[in-house]
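Going by this note's numbering, the first residue of the sequence shown is number 867, and it counts up by one from there. For glycine and all other residues, C-beta sits at the position ideal for the given N, C-alpha and C. First comes the structure, then the notes that go with it.
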Amino acid sequence: MSLDIDKLASLCKRRGFIFRSSEIYGGLASAWDYGPLGAELKRSVKDSWWRDMVLQRDDVVGLDSAVIMHPGVWQASGHVDSFSDPLVECAVCRRRWREDKIEADACPECGGGLSEPRMFNLMFETHLGPVRSEQNTVHLRPETAQGIFVNFANVLTASRRKPPFGIAQIGKAFRNEITTGGFIFRTREFEMMEIEFFVPPGEDDEWHRRWIDESLRWYTRLGVDESRLRVRPHEPDELSHYSRATSDIEYRFPWGWGEIQGTANRADYDLNAHAQASGEALSYFDDRLGQHVVPYVIEPSFGVDRAVLTFLVDAYREEEAVSAKGKPEKRVLLKLHPTIAPVKAAVLPLSRNDRLTPTAREVLGIIRQSRAVDGLVQYDDAQSIGRRYRRQDEIGTPVCVTVDFDTLDDRAVTIRDRDTMTQQRVPIHRLPDELRARLAPNPEDKA
């Protein structure tokens, strides 16, 4: 099925995933807010990444660095001189475009003539302190990597580690993109999940390959269709100034292939640049060589918002179904992996009834108190049971627990599976174990 991205955006607004930022004022271009379900989905994506890339490994530690850094950081890293894109402007509608992203010599919007390209730096400028002056000009970080590099020596000492090891960080970054679009695909404010993995020189090619494979597995473990993913190595003429080699993981979106993750071999560029500019040594002592060595760096870099969009697009389904009255209808569902589904389970009394409500609330309490579900459990008693099933399908809830009038006699509930719509009767005392098995992060974790 070919998915219209506007249809997905409409679902996201209607169900509380993603809203246009400042919408009551007409919105702000390329700015989006995450609603109640979107916040849960985004948090689950970040938690899953942190668990897999940091907590489950012995060779990666965490960091949370500042958004605003010393101006010398960006001068040394090359961002002041090199972090720019070629900009062209339409002589008719005055819209601006990245020259390398348009295929014709005319404006894609109105067909007007385009100006000669000029380089445009992508960093946001601001000023530190109450007085606006050139002396206190600083930048919002365009990436999280530099906060890791300037803390390399601190982490090396505090964590008592030596390469190969990595430093991971999740945080906001800002780029004054010329052209935005694709819903939340390209925005000026976004979140990144990055690792700078420090390795002895000579081991960088092997670690580069390993991190490409590990990054790809993270997406497929969370259910992304492998046939819609590809690894694209950069050509020599598109490599960044710091990169020896870079490969992107791309996903086939409705508009075509788009980058969702990059793995770069940054060699020793950044540590050498900061060591030279700051006068501080950024190296480690290699016992085998008996000397200090500047490590090479492999950088797996994931976009949080692009990961969220990938999971939403990949999970979207429209299926033919039959209503409770026996009429054909369309069933829309998000086939999200249980690990990242914003609502893990929903408790649904068959109807809003004084006899059922206390037992349904009791079941909800049992689920929460047992911690059988690692995430949000929703209680829903509005409208018919069929409409509630459809609503939970549409937001990606993996299982629904239905409390009916038989429950009052047999102390059992019905578990409905989102993907198959099959139903199973389970005693309430066995419900926590059943939910743990159904919502296990990986198939091999299930009983």
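Asked	Found
Ordered along the chain, which non-local residues of its own chain (more than five positions away) have a Cβ less than 8 Å from that of V1209?	L903, E906, G1241, L1242, V1243, Q1244, Q1258, I1261, G1262 and T1263
Please identify the residue among A932, D1283, A1133 and R1076 whose C-alpha is closest to the C-alpha of K1038.	A932
So, using beta-carbon positions, are L1214 and V1292 closer together than 9 Å?	no
Can you tell me whether DSSP reads F1015 as helix, strand or coil?	helix
Leaving out five residues before and five after D1114 in sequence, what residues of the same chain have Cβ atoms less than 6 Å from its Cβ?	R1098, E1125 and G1128
For I1294, tell me which candidate among D1283, F885, D1275 and D1285 has the shortest Cα-Cα distance.	D1275
Would you decide whether E1310 is buried or exposed? Buried here means 16 or more other CB atoms lie within 10 Å of its CB.	At E1310, the pLDDT of 44 sits below 50, so the modelled position is not reliable and the matter cannot be decided from this model.
When the distance is taken between beta carbons, is F1031 closer than 9 Å to W1084?	no
Excluding five sequence neighbours on each side, which residues of the same chain lie with their C-beta closer than 6 Å to the C-beta of A1313?	In this prediction, A1313 has a pLDDT of 32, which is less than 50 and means its spatial position is unreliable; what the coordinates show is noted afterwards. Here the set comprises A1303.
Give the secondary structure of S1144 by DSSP, where H, G and I count as helix, E and B as strand, and everything else as coil.	helix
Just how far apart, CA to CA, sit R1221 and E1300?	25 Å
Jot down the residue ranges of each uninterrupted alpha helix (DSSP H) in the stretch 999–1085, minimum 4 residues, whole runs only, in chain order.	1011–1015 and 1018–1025
Quick one: grab the DSSP three-state call for H1100.	coil
Residue range of the alpha helix (DSSP H) that P902 falls in?	P902 to W916
Do R886 and A897 have their C-beta atoms closer together than 9 Å?	yes
Check whether the stretch 1078–1097 touches the stretch 1180–1188, taking contact to mean three or more Cβ pairs, one atom from each stretch, closer than 8 Å.	yes
In this structure, does DSSP put G1122 in helix, strand or coil?	strand
Is it a yes or a no for the stretch 1066–1082 touching the stretch 953–972, going by three-plus beta-carbon pairs under 8 Å?	no
In angstroms, rounded to a whole number, what distance separates the CA positions of R1154 and A1133?	20 Å
Taking only three categories from DSSP, how would you classify L1297?	helix
Distance, Cα to Cα, P1298 vs V920?	28 Å
Jot down the residue ranges of each uninterrupted beta strand (DSSP E) in the stretch 1225–1289, minimum 3 residues, whole runs only, in chain order.	1242–1245, 1265–1269 and 1278–1283
Return the bridge partner residues of L953 from the DSSP annotation.	R964 and R984
Tell me where the alpha helix (DSSP H) around K873 begins and ends.	I871 to R880
Is it right to say D1272 is buried, meaning 16 or more other beta carbons lie within 10 angstroms of its own, or is it exposed?	exposed
Which residues in the same chain have their Cβ closer than 8 Å to the Cβ of A1024, if we skip the five residues on either side of it in sequence?	none
Considering only DSSP beta bridges, list what D899 is partnered with.	F885
Just to confirm, are I1036 and E1009 a CB contact at a threshold of 9 Å?	no
Quick check on the burial criterion: 16 or more other C-beta atoms within 10 angstroms. Buried or exposed for L1199?	buried
Would you mind listing the alpha helix (DSSP H) stretches within the stretch 1133–1220 that are 4+ residues and don't spill past its ends, in chain order?	1135–1144 and 1170–1181
For L1175, which of A1139, W1121 and A1130 has the nearest alpha-carbon?	W1121
Name the two residues that bound the continuous beta strand (DSSP E) containing V939.	Taken as a continuous stretch (DSSP letters only), V939 belongs to no beta strand (DSSP E), being part of the alpha helix (DSSP H) at P937 to S943.
Taking the alpha-carbon positions, what's the A895 to E1055 distance?	11 Å
In chain order, what residues of the same chain lie with their CB nearer than 6 Å to the CB of A875, ignoring the 5 residues before and after it?	F1049
Which of helix, strand or coil does DSSP assign to D947?	helix
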